[in-house]
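Participant: Okay, handing you the structure first.
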Amino acid sequence: MSELYQLDVSALATKLAAREVSSVEVTQALLDRAQANADLGAYLALDPEVSLAQARAADARLDSGERTPLLGVPIAHKDLFVTKDFPTTAGSKMLENYRSPFDATVVAKLAAAGAVTLGKLNCDEFAMGSGNDNSAYGPALNPWDKTRVPGGSSGGSSAAVAARLAPAATGTDTGGSIRQPASFTGITGIKPTYGRCSRYGMVAYASSLDQAGPMARSARDCALLLSAMAGPDLDRDSTSLDRPAEDYAAALGLPLSPEATATQPLKGLRIGLPQEFFGAGCAPDVLAAVHAALAEYEKLGATLVDISLPRTELAIPAYYIIAPAEASSNLSRFDGVKFGHRAEKYADLTDMYKKSRSEGFGEEVQRRILTGAYVLSHGYYDAYYLKAQQIRRLIAQDFQSAFTQCDLIAGPVAPSVAWKIGAKSDDPVAAYLADIYTLPASLSGLPGMSVPAGFGADGMPVGLQLIGNYFQESQLLGAAHHFQCATDWHQRAPKEFA
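Structure follows, in C-alpha cells:
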C-alpha cells in the first residue's frame, strides 16, 4: 500500500483503530521507503526486525480492543535519545555503535503509548549545529532541495518527516534545534516549556537548555505526541517539572478566548510582534511570508500588538557562553575509559585522554568544549559565565514584561531560508547568528513552535515562530491548529517525495 506514507499521524491512527490497515503494513511500507531514500541521510540506524516485532505487538493490542491515540503508529527518534534496541551515536564517532542498556524516558513513554520505532535519525554531533552538516556520519539533506541543509541539530528528524519517511519524529531543542529545522523543511515542531519532557536518557549538551519535543506535519499531530511525551519524571530527572501530563489534542477544539466565534476562532487573542524580530537582519522573502501569515491570523480574529524584546541581540553572546560552558562539563565523561571511543595507541593515561577525545570529537564539538572550558576557568568565570547568566535573567524578564501586553509572541524562526550545505562551514559565527530569533525563548525556558507559513526564495519553506508563556503549550498548539485549518502550507510536500 504505497499511499500509506502520505498519511499523517492522525489519519494513520484512525485507520489503525478501524482496523482498515495493520501496524505491520504501515511499518513495512515506511521501512521500505526509508531504505529506498537512504541517500537523503535522514536515518542513521534501521532494524526492520525490531520495528516489525513492535508493530506485531501493537496489532495484538489493537485486535484485543485497546485504543489509544498512538497505538500502532510508526515514528522515529533523533539519535540523541538512548535506545536499548537501536544504537545511539549522538551523531558522533565518539559513540559509534554504542548500545544503551535502557531507553530514554521520552522513548519509553511513546512506546507505552503504543508508538512503533522505525529507527534513529541523523543529527549534528551532540546536537551542536544549525545545519546537520556537523554529523560525523554525513549531512542529512533538505527534501525541498538536496543541495541545502535541513536545519539542525534535529535535521534528520525534519528531513524524515518532510520527505514522508516517517509521519512524526522526536527532536531536541537547546537553542532552536526543533523550530529552525521545522521551518527549513516546512513541517511543524514544538519545544515545550523547559522541564515538561524528561531529559533522562537524552545525551546531554547544555543541561539547563536541552528540551525534547515532537516534530510532525501538523499541530494536531504534535499535540498527540506531546501528550504522550510530557509529564513528571522526578526520580530520574532533577529538572523535570512536577506537573501532570495534559491532553493537548483534546484542548485543540477549545476556544482560546471568551470572545471566540465560529468564524473568528481567535477573536480576543493578542499576538505580540517584537520590533527586534522584524528588522533589517531578516531577509525580505522571509518577512513577506511571515507578514502574510500574520494577516491570516488577523482574519481569524487575532489582534496584532507591537512589543519590544530589547535584549534580543544579547541572546547570541549569552547563549554561546552558557551552552559551551555546560557542554564542556557534560562531555568530560567521554574520555575513553568506561565507554565511547578509545584511541588504539597511547603512551599513558593523559595521552589516552588527549588522543581519544581528539579522534572521537568533531571540529565543532571541540570548538565548543574549548570555549566552555575557557569561560569557566579561573579569572574568566565572573567576566563571562556569570555575566551571561545575568543577561539570561534579563532576557526572561523582557518576555514577562511583553506578556503583560499580549498572549502569544510571533515572528520569523530564522533570518533566512535554508542555506546551501557547507555555506557556513568555514564561518561558524555566521551559523551562530542564524539562531538570533530562537535563542531568547530557549534561554528563558519558554515554549515555542514553528508553523509552516509559506515559501521564500527558490521555493524554500518559511516557518512562523509562535512563543507562549510558561506552560501555555495548549494555547500555542491551539493557535497553530486554527491557522492550519485555514491554510494548507503544512500539507505541502516536496515534489520528489509527494
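Take my numbering: the last position of the sequence shown gets the number 499, and nothing is skipped along the way.
By construction, the Cβ of each residue, glycine as well, lies at the ideal position given by its N, Cα and C atoms.
My understanding is that A213 touches T148, with C-beta atoms under 8 Å, so please give their C-beta distance in whole angstroms.
Facilitator: Wrong, their Cβ atoms sit about 30 Å apart, outside the cutoff.
Participant: Can you say whether T264 is buried or exposed, counting buried as having 16 or more other CB atoms within 10 angstroms of its CB?
Facilitator: exposed
Participant: What do you get for R237, buried or exposed, if any count of 16 or more other CB atoms within 10 angstroms of its CB means buried?
Facilitator: With fewer than 16 other beta carbons inside 10 angstroms of its own, R237 counts as exposed.
Participant: Using a threshold of 8 Å, state whether the C-beta atoms of F278 and P413 are closer than that.
Facilitator: yes
Participant: Do you know how far the Cα of G479 is from the Cα of A183?
Facilitator: Rounded to whole angstroms, A183 and G479 show a C-alpha spacing of 18 Å.
Participant: Restricting to Cα atoms, I'd like to know which of A58, G273, A77, G66 is closest to A528.
Facilitator: Residue 528 lies beyond the stretch modelled for the chain, which goes from 2 to 499, so this question has no answer here.
Participant: Starting from the N-terminal side, write out each stretch of the beta strand (DSSP E) that is 3 residues or longer and does not extend beyond the segment 304 to 353.
Facilitator: Correct list: 304 to 308.
Participant: Going along the chain, which unbroken runs of the beta strand (DSSP E) with 3 or more residues stay wholly within the segment 241 to 308?
Facilitator: Fully enclosed beta strand (DSSP E) runs of 3 or longer: 271 to 275, 304 to 308.
Participant: Using a 10 Å radius around the Cβ and a threshold of 16 neighbouring Cβ atoms, would you call F103 buried or exposed?
Facilitator: So F103 counts as exposed.
Participant: Along the chain, where does the beta strand (DSSP E) containing H78 start, and where does it finish?
Facilitator: 75 to 79
Participant: Extract the residue ranges of the alpha helix (DSSP H) inside the segment 392 to 439, only unbroken runs of 4 or more that lie entirely within it.
Facilitator: 429 to 434
Participant: Starting from K94 and walking both ways along the beta strand (DSSP E), at which residues does that stretch end?
Facilitator: K94 -> no beta strand (DSSP E), and no H or E assigned at all.
Participant: Using a threshold of 8 Å, state whether the C-beta atoms of L253 and A303 are closer than that.
Facilitator: no
Participant: Considering only the alpha carbon of each residue, which of S11, P151, P140, M353 lies closest to V338?
Facilitator: M353
Participant: Check each candidate in S52, L41, D60, A319 and name the one with the smallest Cα separation from K504.
Facilitator: A query on residue 504 cannot be resolved here, the shown segment of the chain reaching from 2 to 499 and no further.
Participant: My understanding is that L119 touches N38, with C-beta atoms under 8 Å, so please give their C-beta distance in whole angstroms.
Facilitator: At roughly 13 Å, the Cβ-Cβ gap does not stay under 8 Å, so L119 and N38 are not in contact.
Participant: Report yes if the CB atom of A117 is closer than 8 Å to the CB atom of P75, and no otherwise.
Facilitator: In the sequence under discussion, the amino acid at residue 117 is Val, which differs from the Ala named in the question. A contact, by the Cβ cut-off of 8 Å.
Participant: Taking the alpha helix (DSSP H) that K110 belongs to, which residues open and close that run?
Facilitator: 106 to 113
Participant: Out of A424, A324, H292, which has the shortest C-alpha to C-alpha gap to G457?
Facilitator: Among A424, A324, H292, the Cα nearest to that of G457 belongs to H292.
Participant: Quick one: is L71 buried, meaning 16 or more other Cβ sit within 10 Å of its Cβ, or exposed?
Facilitator: buried
Participant: Going by C-alpha to C-alpha distance, which of S445, G157, A374, E67 sits closest to L41?
Facilitator: G157
Participant: How about the segment 403 to 420 and the segment 442 to 459: do they share at least three Cβ pairs that are nearer than 8 Å?
Facilitator: yes
Participant: What separation, rounded to the nearest whole angstrom, lies between the Cα atoms of L377 and I396?
Facilitator: 22 Å
Participant: Output needed for K85: all residues of its chain with C-beta closer than 8 Å, excluding positions within five of it in sequence on either side, in chain order.
Facilitator: Cβ within range, chain order: R100, S101, P102, F103, D104.
Participant: Across the segment 177 to 196 and the segment 42 to 51, are there enough close Cβ pairs to call them in contact, namely three or more that are closer than 8 Å?
Facilitator: no
Participant: Can you name, in chain order, every residue of its own chain whose Cβ lies under 7 Å from the Cβ of T488, other than the five neighbours on each side?
Facilitator: So the qualifying residues of the chain are E297.
Participant: Taking D134 and G423 to be in contact with their CB atoms under 8 Å, please state how far apart those CB atoms are, rounded to whole angstroms.
Facilitator: 7 Å
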